[in-house]
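Novice:
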Ligand SMILES: Cc1cc2nc3c(=O)[nH]c(=O)nc-3n(C[C@H](O)[C@H](O)[C@H](O)COP(=O)(O)OP(=O)(O)OC[C@H]3O[C@@H](n4cnc5c(N)ncnc54)[C@H](O)[C@@H]3O)c2cc1C
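Numbering (my numbering), first residue to last: 24 to 412.
Put into structure tokens, the structure is as follows:
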């Protein structure tokens, strides 16, 4: 596919060279589009902000990580309630792995370049404007293109739904109080309002530990979670996480949103690798078709395809998040206790990691969901859970 130099240097310029932007670049360059990716960091994948927990089964549908990107395999999940109740889940059938996220991004970057995309690091997109049916992208130099893809992650969603971003802090630590293969989540609405603290072992006595919550000082919160435990910090990162769900429109004029910029991140756990890689791949298909057939309306199919795959689950996740944010610590104790029952945990262990919201409700069953709703303290929580049943 070609563009004349007088009208556009590229078919598409992508702002952000991470999972969403690079997945887009692979798909678009493989279809013959001239693609430029601009990444503000000096090196792709650095610093590593994300913990890299993904379902390998689901990633195989898009761009799976190479074996060298996999740090460990998850065999169980443990949820701790505020008062110390515990629900354990056998995760061995989920095929969930901990990825070296930096290595995965480098894998994507190398595939994008092999497919013909141009990648520039250390270049920040400063602004864009639509002029006479073309996009102008300012990033040190000025670039002209048919479409601009905003894959800038938290920076992109900040402009659209700032209220649903929360501060998070993450350390990689050495320690001996966690077990390989066992991911742990600690819920406490007073210490981590609307979220949790987590421990994700990545093998060899190293774990990724983090904490997030609305309105918290993330490093202070993480330090207080780790207080009394023996550990040595290897790396430290602060990065916001987003829990607001997908935005209403994935494109406007000649700007297309991909990944976290489009809110393609689970509203429950803020996991966004799979849904962002999927978003990039789907957007690439329809941008290519739209350019080839000179029909911008074909872009609508990008949102349709993404919604067909993730829309229902994200809807349930948003409602569960609404429920979660209305729970008191005593409510959380009751839910963890229900999840810990043999029947529910057995059912949950045969479901799907990426579609856990619907799995949670189906594991409880209508009767179980209503029973649980009846014992919750918060009236709002009772109402939301009953409506979901
Ligand atoms: C602490 C933490 C842990 C997480 N753990 C997991 C997990 O275990 N599993 C999971 O699935 N998800 C996890 N996530 C979420 C996941 O990282 C994101 O959903 C995912 O990275 C979104 O991908 P993206 O490509 O849309 O954006 P990002 O990965 O955020 O990438 C955006 C890119 O754009 C660049 N950029 C920003 N502004 C500009 C600009 N103006 N010009 C040029 N470049 C720019 C940035 O430098 C960055 O490289 C985690 C997030 C955090 C913060």
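Don't be surprised by glycine CBs; every beta carbon is placed ideally from N, CA and C. Here the structure is a predicted model, which is why all the values come from computation and not from measurement.
#1: According to the Cβ coordinates, are residue 70 and residue 79 closer than 8 Å?
#2: Which value, in whole angstroms, describes the spacing of the CA atoms of residue 126 and residue 68?
#3: Opposite residue 207 in the DSSP bridges: which residues?
#4: Relative to ligand 3, is the shortest distance from any of its heavy atoms to the C-beta of residue 116 smaller than 7 Å?
#5: Just to check my reading of the structure: residue 278 and residue 167 have Cβ atoms closer than 8 Å, yes? What is that Cβ distance to the nearest angstrom?
#6: For residue 359 versus residue 108, is the C-beta spacing smaller than 8 Å?
#7: Alpha carbon to alpha carbon, how far is residue 57 from residue 25? Give it in angstroms, no decimals.
#8: If you count every other CB in all the chains shown that lies within 10 Å of the CB of residue 161, and 16 or more means buried, which is it?
#9: Kindly indicate which residue of 218, 97 and 202 has the alpha-carbon position closest to the one of residue 348.
#10: Would you check if the region 164-179 and the region 282-290 touch, i.e. whether three or more CB-CB distances between them fall below 8 Å?
#11: DSSP three-state label for residue 47, please.
#12: Going by alpha carbons, who is nearest to residue 231 out of 239, 204, 243 and 410?
#13: Run through the region 46-126 for me and flag every whole beta strand (DSSP E) of 3 or more residues, listed as ranges in chain order.
#14: Have a look at residue 76 and residue 202 and give me their C-alpha separation to the nearest angstrom.
#15: May I have the straight-line CA-CA distance separating residue 197 from residue 184, to the nearest angstrom?
#16: Per DSSP, residue 35 is paired with what?
#17: Nearest to residue 319 by CA position, among 170, 191, 113 and 52, is which residue?
#18: Heavy atom of ligand 1 less than 7 Å from the Cβ of residue 244, yes or no?
#19: Check whether the Cβ atoms of residue 386 and residue 371 lie closer than 8 Å to each other.
#20: By the 10 Å Cβ neighbour count, where 16 or more other Cβ atoms means buried, how is residue 314 classified, buried or exposed?
#21: Looking at C-alpha atoms only, which residue of 139, 118 and 331 is the closest neighbour of residue 82?
#22: What is the C-beta distance between residue 405 and residue 412, in whole angstroms, given that I count them as a contact (C-beta under 8 Å)?
Specialist: In terms of the structure at hand:
#1: no
#2: 7 Å
#3: 101 and 222
#4: For the structure depicted, ligand 3 is absent and the ligand set comprises only ligand 1.
#5: Going by Cβ atoms, the distance from residue 278 to residue 167 rounds to 14 Å, so no, they are not a contact pair.
#6: yes
#7: Only weak support exists for where residue 25 lies, its pLDDT of 40 falling under 50; the value from the coordinates is given anyway. Taking the straight line joining both Cα atoms gives about 7 Å.
#8: With fewer than 16 other Cβ atoms within 10 Å, it is exposed.
#9: Checked all of 218, 97 and 202; the closest Cα to residue 348 is 218.
#10: The region 282-290 vs the region 164-179: in contact.
#11: helix
#12: 204
#13: 58-62, 76-78, 93-96, 99-103, 109-113 and 119-122
#14: 16 Å
#15: 36 Å
#16: 58 and 170
#17: 170
#18: No heavy atom of ligand 1 is found nearer than 7 Å to the CB of residue 244.
#19: yes
#20: buried
#21: 118
#22: Actually they are not in contact, since the Cβ atoms of residue 405 and residue 412 sit about 11 Å apart, beyond 8 Å.
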